[in-house]
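Here is the structure we will look at.
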Amino acid sequence: MLIFPVYFVAAAPRCNDSDLKGCMEELKVLTNNQDLAFAQTERELSQTCGHLQDAMQCVNNFTSRCFDDTQRELYRTLTSGAQQLLADLCTQGSGFRQKYLLHASCYRNLSSEYRKCADSYLSQQETAKKEDMPVKDKLRKSCCLFDGYKECTRVAVLHKCSPEAADLGEQIVTKAGGPLVQTHCANFKHNTPDCNFLISSGFISMPFPYVAIVCFLLMQLMWKSSQG
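Residue numbers 91 to 318, in this note's numbering, belong to the letters of the sequence shown in order.
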């Protein structure tokens with residue numbers, strides 16, 4: 091999951107908004123169908139994975155076609171966590187998949203909170219991207235938002251689910267953040283003075299599958315910003 095504001099410029103004539111919109115069509119099936127968005131059976135999860143994998147491949151094809159070597163490497167690095175998360179969840183018989191299915195019914199009970207989170211997190215990141223502040227402060231703010239988002243995920247899940255479900259939810263968010271987030275943001279905590287002056291309160295949680303598809307949504311936002 092990308093949390094840093096990154097701007098890419100098209101390098102090929104076949105690159106335009108319609109390409110990314112086509113990728114996003116696969117995700118509408120999930121956002122319009124709660125049973126698939128919060129899969130809780132092997133069959134539902136396999137269907138969900140099919141749509142997510144198709145969308146991921148579509149975006150990967152877009153980057154291969156439209157980004158230069160440096161941009162592609164940056165994209166791969168920033169989204170490596172989300173891509174690994176998707177691979178772990180969608181591999182039949184994997185330990186991660188079985189753990190997710192064990193707690194999936196409880197996650198589904200939090201669906202309304204999760205939908206709010208998708209809107210809130212994207213909105214906060216988009217606002218941060220437009221703010222006039224030094225790059226260093228923008229990175230710090232992104233880290234603070236991510237830590238608060240991760241903590242709120244745990245608190246929200248604990249409210250209705252088991253500690254084990256909360257632990258798994260935190261693992262999902264951390265893994266989706268990727269290696270750069272895990273290293274660069276390690277020292278930024280949302281409830282410390284360093285973060286308080288950068289962010290507002292009101293973090294909302296987000297589990298899988300919304301964590302996994304955020305990189306697609308942000309890719310669309312980044313592409314639009316590069317065309318502006």
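Positions of the beta carbon are idealized from the N, C-alpha and C atoms, including for glycine. Fair warning: this is a prediction, and the values are worked out from it, not measured in the lab.
Going by alpha carbons, who is nearest to residue i out of the options?
i: Asn-106; options: Cys-139, Gln-137, Leu-135, Phe-157; result: Phe-157
i: His-274; options: Thr-264, Ala-177, Val-245; result: Thr-264
i: Thr-243; options: Cys-233, Ala-255, Ser-232; result: Ala-255
i: Leu-164; options: Gly-268, Lys-279, Pro-283, Thr-282; result: Gly-268
i: Lys-189; options: Thr-160, Leu-135, Asp-284; result: Leu-135
i: Glu-132; options: Leu-191, Lys-231, Asp-222; result: Leu-191
i: Asp-284; options: Gln-215, Lys-231, Thr-160, Asn-150; result: Lys-231
Can you grab the Cα-Cα spacing for the pair residue i / residue j, in whole Å?
i: Gly-238; j: Leu-200; result: 18 angstroms
i: Ala-129; j: Ile-262; result: 15 angstroms
i: Arg-162; j: Ser-213; result: 25 angstroms
i: Lys-250; j: His-193; result: 11 angstroms
i: Phe-306; j: Ser-170; result: Because the pLDDT at Phe-306 is just 46, under 50, the model does not fix this residue reliably, and the value given afterwards should be weighed accordingly. Approximately 13 angstroms between the Cα atoms of the pair.
i: Arg-187; j: Ser-195; result: 14 angstroms
i: Gln-173; j: Asn-286; result: 31 angstroms
i: Phe-278; j: Lys-228; result: 13 angstroms
i: Ser-252; j: Tyr-197; result: 10 angstroms
i: Leu-110; j: Gln-147; result: 11 angstroms
i: Lys-220; j: Gly-183; result: 43 angstroms
i: Ala-177; j: Gln-272; result: 19 angstroms
i: Leu-235; j: Val-225; result: 15 angstroms
i: Met-223; j: Glu-241; result: 25 angstroms
i: Val-149; j: Cys-139; result: 15 angstroms
i: Gln-137; j: Glu-115; result: 15 angstroms
i: Asp-159; j: Ser-108; result: 23 angstroms
i: Gly-259; j: Arg-155; result: 34 angstroms
i: Thr-319; j: Gly-185; result: Examination of residue 319 is not possible in this model, given that the chain is present from 91 through 318 alone.
i: Asp-144; j: Leu-248; result: 32 angstroms
i: Gln-215; j: Cys-233; result: 11 angstroms
i: Phe-293; j: His-280; result: Reliability of the predicted coordinates at Phe-293 is poor, the pLDDT of 45 falling under 50, and the value obtained from them is presented with this limitation in mind. Each residue's Cα considered, the two are about 10 angstroms apart.
i: Ala-246; j: Asp-257; result: 12 angstroms
i: Arg-166; j: Ala-218; result: 23 angstroms
For the putative contact between residue i and residue j, defined by C-beta atoms under 8 angstroms, what is the C-beta separation to the nearest angstrom?
i: Ala-266; j: Leu-175; result: 5 angstroms
i: Leu-168; j: His-141; result: The pair is not a contact, with the Cβ atoms about 22 angstroms apart (cut-off 8 angstroms).
i: Cys-113; j: Phe-152; result: 7 angstroms
Segments assigned beta strand (DSSP E), at least 3 residues, entirely inside the segment 134 to 159 | none
Residue ranges of each alpha helix (DSSP H) within the segment 193 to 269, 4 or longer = 201 to 220, 225 to 250
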